[in-house]
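Counted from 1, the sequence shown has number 7 at position 7 by UniProt numbering; the numbering is strictly sequential.
We treat Cβ as the ideally placed atom computed from N, Cα and C, and that holds for glycine.
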Amino acid sequence: MAEMLTLTPAAAKRVAAIAEKQAKPAILRLSVEGGGCSGFQYKFDLAEGPEEDDSVSDTDGVKLVVDAVSLDLVAGSTVDFVESLGGAAFRVENPNAAAGCGCGSSFGI
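1) Go to LEU71, then tell me how far its alpha helix (DSSP H) extends in each direction, as first and last residue.
2) Just how far apart, CA to CA, sit VAL92 and GLN22?
3) Would you identify the three-state DSSP class for ALA97, choosing helix, strand or coil?
4) The beta strand (DSSP E) spanning LYS24 covers which residue range?
5) Counting only the same chain and skipping the five closest in sequence on each side, list residues whose C-beta sits under 6 Å from that of THR6.
6) Look up ALA89 in the DSSP assignment and say whether it is helix, strand or coil.
7) Hey, VAL65 and ARG29: beta-carbon distance below 7 Å or not?
8) Here's the rule: buried if 16 or more other CB atoms are within 10 angstroms of the residue's CB, otherwise exposed. What is VAL32?
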């Protein structure tokens, strides 16, 4: 299932930098929670390691892990790190999202 998720090189570089500053492994956990202005919202955390039911993908030595429940909502997604005049943030390009919001952190199915 690792091919179902993609971490861009820009996102991998940013995760590696954050993990190094916090002395943690370069593992980004993407999960989906109820809430946000469109019904669901993305949550990002550094993880100590993958859990048993996680889907794992690897980009430049950085892992992206997603739990089985969240995977149903983000399968086929790409996680990128974008810097703009409005700030810098991780963004999820989710082909399953039927609706989104301007901030890019919540979506609807």
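In this structure, then:
1) Looking up residue 71 in the sequence shown gives position 71. LEU71 -> alpha helix (DSSP H) spans 68 to 74.
2) Reading the sequence shown from its first residue, position 92 is the one you call residue 92. Reading the sequence shown from its first residue, position 22 is the one you call residue 22. Rounded to whole angstroms, VAL92 to GLN22 spans 23 Å at the Cα level.
3) On the sequence shown, position 97 is the one that residue 97 refers to. Correct three-state label for ALA97: coil.
4) By one-based count along the sequence shown, residue 24 stands at place 24. That residue, LYS24, is in no beta strand (DSSP E); it is neither H nor E in DSSP.
5) Numbered from its first residue, the sequence shown carries residue 6 at position 6. Closer than 6 Å at the Cβ level, and outside the excluded window around THR6, lie THR78.
6) In the sequence shown, the residue the question calls residue 89 occupies position 89. The answer is strand: DSSP assigns ALA89 an E or B state.
7) If you number the sequence shown from 1, residue 65 lands on position 65. If you number the sequence shown from 1, residue 29 lands on position 29. Taking C-beta atoms as the reference points, VAL65 and ARG29 count as a pair closer than 7 Å.
8) Counted from its first residue, the sequence shown places residue 32 at position 32. Looking at its Cβ environment, which holds 16 or more other Cβ atoms inside 10 Å, VAL32 is buried.
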